[in-house]
Amino acid sequence: MAEKNNQASPSAAATNGQHPTVDEESAILPSQELKRKKRIKLAIYISAFVVVQIIVITTFALTVMRVQSPKLRLGAISVQTLNASSSTPSFDMTFTTQVRIKNTNFGRYKFDATNVRFMYEDRAVGQVRIPKSKAGMRSTKKIDVTVSLNSKELPSRSRYNLGNELKTGVLSLSSEARLAGKVELMFVMKKKVCQNGMHFGV
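Structural data, given as structure tokens:
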């Protein structure tokens, strides 16, 4: 009787949960494997999200947040008056045109008042005032101006070249301006300076 009790005790201990059965072990293993796969998937999703965010931030910084100098150009010129002489090299003229300030930034460009100087052979022959204003995001500000030029201040050497040029019926001039202003990006002000030279013929 004692022997029978001793023989029954191991199985009783097993059924009391002291040692898992084969079926219990086979159920635990898939559960652990499933949890491991879920953790791996979660890590992959987090890594992919971080990579996408880095790409988005980098693209944003290189395009939207990148500040470029605005471009300053003259539009078509319409001559109102022109008095020129090749025998006594001189000219006096008035014309109308548009000063165009092209802002390629993703933010408004506020610029200070400035002067556009017109030159013949690097000598000033006149200028026009550009008032303080602003150009909208990725747009062009157009300012109509009337310009008066004359050759009174040209030195003798420039007058000699001017006489030869006037004989051909062409007057070559250039212009320059220093434009200082600020680009507003995401409520952050960034200062940029734009200096341009423009060449044209009359």
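So that you can map any letter, position 95 of the sequence shown is 95 in the UniProt record's numbering, and since no number is skipped, the others follow by simple counting. We put the CB at the ideal spot given by N, CA and C, even for glycine.
Q. Arg-36 to Ser-69, Cα distance in whole Å?
A. 54 Å
Q: Throw me the rounded Cβ distance for the Phe-91 and Gln-80 pair, which I believe falls under 8 Å.
A: Not really, about 14 Å apart at Cβ, beyond 8 Å.
Q. Around the C-beta of Gly-107, are 16 or more other C-beta atoms found within 10 angstroms, so that it is buried, or is it exposed?
A. buried
(Q) Does Met-1 pass the burial test, meaning 16 or more other C-beta atoms within 10 Å, or should it be called exposed? (A) With a pLDDT of 49 at Met-1, under the threshold of 50, the modelled position of this residue cannot be trusted; read the value that follows with caution. Flag for Met-1 reads exposed.
Q: Run through the segment 141-173 for me and flag every whole alpha helix (DSSP H) of 4 or more residues, listed as ranges in chain order.
A: 156-167
Q. Per DSSP, Ala-84 is paired with what?
A. Phe-91
Q. Are Thr-97 and Val-145 touching if we call contact CB-CB under 8 Å?
A. yes
Q) So, helix, strand or coil for Glu-176, using DSSP? A) strand
Q.
Helix, strand or coil for Ala-135? Go by DSSP, reduced to three states.
A. strand
Q. Residues in its own chain within less than 8 Å of Thr-104 by CB, not counting five upstream and five downstream?
A. Gln-68, Pro-70, Lys-71 and Arg-138
Q) Looking at Tyr-109 and Leu-162, is the spacing between their C-beta atoms short of 8 Å? A) no
Q) Per DSSP, Tyr-120 forms a beta bridge with which residues? A) Arg-123
Q.
Please return the same chain residues whose Cβ sits closer than 6 Å to the Cβ of Leu-166, not counting the five positions on each side in sequence.
A. Ala-84 and Ser-86
Q | Cβ-based burial, Thr-114 [other Cβ within 10 Å; buried from 16] | A | buried
**Q.** Where Ser-47 sits in the DSSP three-state scheme
**A.** helix
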